[in-house]
DNA sequence: TTCAGAACTGCAACGTGTTTCTATTATGAC
DNA sequence: GTCATAATAGAAACACGTTGCAGTTCTGAA
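Chains as they are written, first to last, in my numbering: chain L, 1 to 203; chain R, 1001 to 1203.
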């Protein structure tokens, strides 16, 4: 492992290090939440996390790595919070729409944070592939789980078609988020567009 | 109109100004084609276009505006080149796949340029809404035209469903482009994913 | 307990997008 | 042709992501 990835929770040996990592991500989220992408300035993150700038760069090799890692942690948190309950809804489409609606509402509740995380995700290049992949898997899992509903079994591989559909839905969701974040669509338009897409795909 | 938009061709009165604008966009494309997003440096563009840096910023208020405007011009050019011929294919899905395959291949033929334009498009914020909207319309027109095939009539409004489907396909195409541009998927994977999505949507 | 190596701090410096400012040149009304 | 105004050139300066480095502190093996 010599590529320049972000240091994950598991990479870190000591409690002090894990705490540093947590403080850095906390500061990142806080700054993003207050002022969006532009407000997440590396010097500011370092200061707020009580860490030297060089250390920040040792943990996260770029601003984009930092923000995508923050996104992954956010996802993880919400997953573990609601991951146990079965998804309500009688059809795959209903369940997927339910889940996306909830997720979208959550993100729209903090526009600045969403703007920061979304733009970082879309701007990420190949060097962030590892971190991106984590988020992609989280999304796919969330969606295939919703599609299957009660039939979902922990650990079982979803079908190719379900994965394909999930990826298309992810694409639509991300694009919708981007258009919302950039002020080119309202929250209602986003919700409507997503529902339309889901209904086209799951029929 | 006091918001800070890029100056469009129509905005410019004198031939000298239109020529400056053309030179700027030419330089942008040339630099992007040679070295991608990072190589499009504002000083370099100004120098290559034989224009002062301040003038460049008067025409395009940011690097993102500049690149998205370049994208719009590229689109326009290809549209006018192939816009007359009817799209081959017997079904909507076949026609859409044909068009996207051609477009994708075209973009993959100049990976650096595509990287520059795509990343600018995805990174654009609200201030670029006008320029983005132009590109979005171009895409929608291209796709609804393909869906309708021979039944397409110049000037006639496409149906709501066709527009909705086109937007979903646009989303998928853009996401696919992003994953390719950022080195997270190969050209074949992109082509496959797009075809899957189109076949799911147009059936 | 000691000590080598890793991790961290603090700070300076560089590159590039962006802003600002003054001097110069082009344009259009009269 | 003259003049007011806008547009442009040229260059300096600022902002922030990123890098590099000297000195200090922490950590874990012996």
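Here a beta-carbon is modelled for each residue, glycine too, at the ideal position from N, C-alpha and C.
Going by CA-CA distance only, name the one from the options that's closest to residue i.
i                       : options                        : result
residue 148 of chain L  : L:131, L:166, L:136, L:132     : L:166
residue 1134 of chain R : L:8, L:184, L:7                : L:184
residue 105 of chain L  : L:90, L:157, L:73, L:78        : L:78
residue 208 of chain L  : L:5, L:33, L:44, L:49          : Here chain L covers residues 1 to 203 and nothing more, so residue 208 of chain L does not appear.
residue 1190 of chain R : L:164, L:180, L:190            : L:164
residue 71 of chain L   : L:98, L:103, L:52, L:43        : L:103
residue 1138 of chain R : R:1192, R:1120, R:1092, R:1080 : R:1080
residue 1051 of chain R : R:1034, R:1067, R:1028         : R:1028
residue 1009 of chain R : R:1087, R:1076, R:1192         : R:1076
residue 86 of chain L   : L:35, L:176, L:144             : L:144
residue 136 of chain L  : L:192, L:170, L:82             : L:170
residue 1162 of chain R : R:1034, R:1203, R:1187         : R:1203
Rounded to whole angstroms, what is the Cα-Cα separation between residue i and residue j?
i                       : j                       : result
residue 1069 of chain R : residue 174 of chain L  : 23 Å
residue 1115 of chain R : residue 1094 of chain R : 27 Å
residue 2 of chain L    : residue 124 of chain L  : Residue placement at residue 2 of chain L is poorly supported in this model, since its pLDDT is 40, which falls under 50; the coordinates are not used for a value here.
residue 181 of chain L  : residue 1061 of chain R : 20 Å
residue 154 of chain L  : residue 1006 of chain R : 52 Å
residue 16 of chain L   : residue 178 of chain L  : 36 Å
residue 1107 of chain R : residue 1113 of chain R : 8 Å
residue 38 of chain L   : residue 32 of chain L   : 8 Å
residue 129 of chain L  : residue 1156 of chain R : 43 Å
residue 19 of chain L   : residue 58 of chain L   : 14 Å
residue 1195 of chain R : residue 142 of chain L  : 23 Å
residue 152 of chain L  : residue 201 of chain L  : 19 Å
residue 26 of chain L   : residue 127 of chain L  : 23 Å
residue 73 of chain L   : residue 24 of chain L   : 12 Å
residue 1056 of chain R : residue 1109 of chain R : 28 Å
residue 122 of chain L  : residue 1084 of chain R : 34 Å
residue 132 of chain L  : residue 1119 of chain R : 16 Å
residue 46 of chain L   : residue 40 of chain L   : 10 Å
residue 168 of chain L  : residue 160 of chain L  : 12 Å
residue 117 of chain L  : residue 1176 of chain R : 19 Å
residue 1198 of chain R : residue 101 of chain L  : 24 Å
residue 1091 of chain R : residue 1099 of chain R : 12 Å
residue 1036 of chain R : residue 63 of chain L   : 20 Å
residue 89 of chain L   : residue 1044 of chain R : 56 Å
Name the chain R residues whose beta carbon is nearer than 7 Å to that of residue i?
i                      : result
residue 171 of chain L : 1171, 1172, 1175
Residues of chain L with a CB under 7 Å from the CB of residue i: which are they?
i                       : result
residue 1196 of chain R : 164
Quick one: list the residues of chain L neighbouring residue i, beta-carbon separation under 9 Å, in chain order.
i                       : result
residue 1201 of chain R : 168, 197, 200, 201
To be precise: take each residue of the stretch 1158-1169 of chain R, compare its Cβ to all Cβ atoms of chain L, and keep it if any distance is under 7 Å. Which residues remain?
1164, 1165, 1167, 1168
Against chain R, which members of the stretch 117-143 of chain L pass a CB distance test of less than 7 Å?
119, 122, 123, 124, 125, 126, 129, 132
Near-chain L residues of the stretch 1177-1192 of chain R - C-beta to any C-beta below 7 Å
1178, 1182, 1183, 1184
Which residues, in order along the stretch 41-70 of chain L, keep a beta-carbon less than 9 Å from a beta-carbon of chain R?
none
Which complete alpha helix (DSSP H) runs does the stretch 1064-1150 of chain R hold, if anything under 4 residues is left out?
1092-1108, 1111-1123, 1129-1148
Length at least 4, wholly inside the stretch 11-35 of chain L: the alpha helix (DSSP H) runs in chain order
15-35
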